[in-house]
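Residue numbers are given in the UniProt record's numbering: position 6 of the sequence shown equals residue 6, and the series is strictly consecutive.
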Amino acid sequence: MPYKEKEIEKQYYTIGEVATMFDVAPSLIRFWETEFEQIRPKKNKKGNRQYTPKDIETLRTIYHLVKERGYTIQGAREVMKNKPVQAKDKMEIIESLEKVKAFLQGIKDQLNTKA
């Protein structure tokens, strides 16, 4: 049985790392903390925020609603409060379809260059 290395997953991320993941300013992440009760990162002794993978998934859903779908903060807050699972499922479906679209576009481009 060959040795299989386990992929190391971080348990906590800094606000800078999270901001980089979403290509936004750290101040926007802090603002979303005040607006959405679902985001409550732990703070270390120095007061630095430490985001868990669960926090990042919540932020990903909020980012999708606000930045990609054009919801207002109030509208996104209501969706997150009333239908968080449905919003996350829709976001995952859209991401999956975008990957399929990119894959098919790549095949189309390869066919066009060979013709």
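Beta carbons: idealized from backbone N, C-alpha and C, even for Gly.
Nothing here was measured: the structure is a model prediction, and the numbers come from that model.
Cutoff 7 Å; reference residue i; Cβ partners in own chain excluding five residues on either side
i     : result
Glu35 : Ile73 and Arg77
Asn44 : Gln50
Spatial distance of residue i from residue j (CA atoms)
i     : j      : result
Glu33 : Phe103 : 35 Å
Met21 : Lys42  : 19 Å
Thr52 : Ala25  : 18 Å
Val18 : Arg60  : 10 Å
Thr14 : Lys67  : 21 Å
Ala87 : Met80  : 7 Å
Arg69 : Gly47  : 33 Å
Spatially closest choice to residue i from the options, by CA coordinates
i     : options                         : result
Ile62 : Gln38, Pro26, Lys46 and Gly47   : Gln38
Glu92 : Leu65, Leu111, Gly75 and Ile107 : Leu65
Arg30 : Glu9, Ala87, Gln11 and Asp55    : Asp55
Limits of the alpha helix (DSSP H) - the one that residue i falls within
i     : result
Leu65 : Here Leu65 belongs to no alpha helix (DSSP H), and DSSP marks it neither H nor E.
Val79 : Ile73 to Asn82
Ile15 : Ile15 to Phe22
Phe31 : Pro26 to Glu35
Sequence-distant residues of its chain with Cβ nearer than 6 Å to residue i (five each side left out)
i     : result
Tyr71 : Leu65
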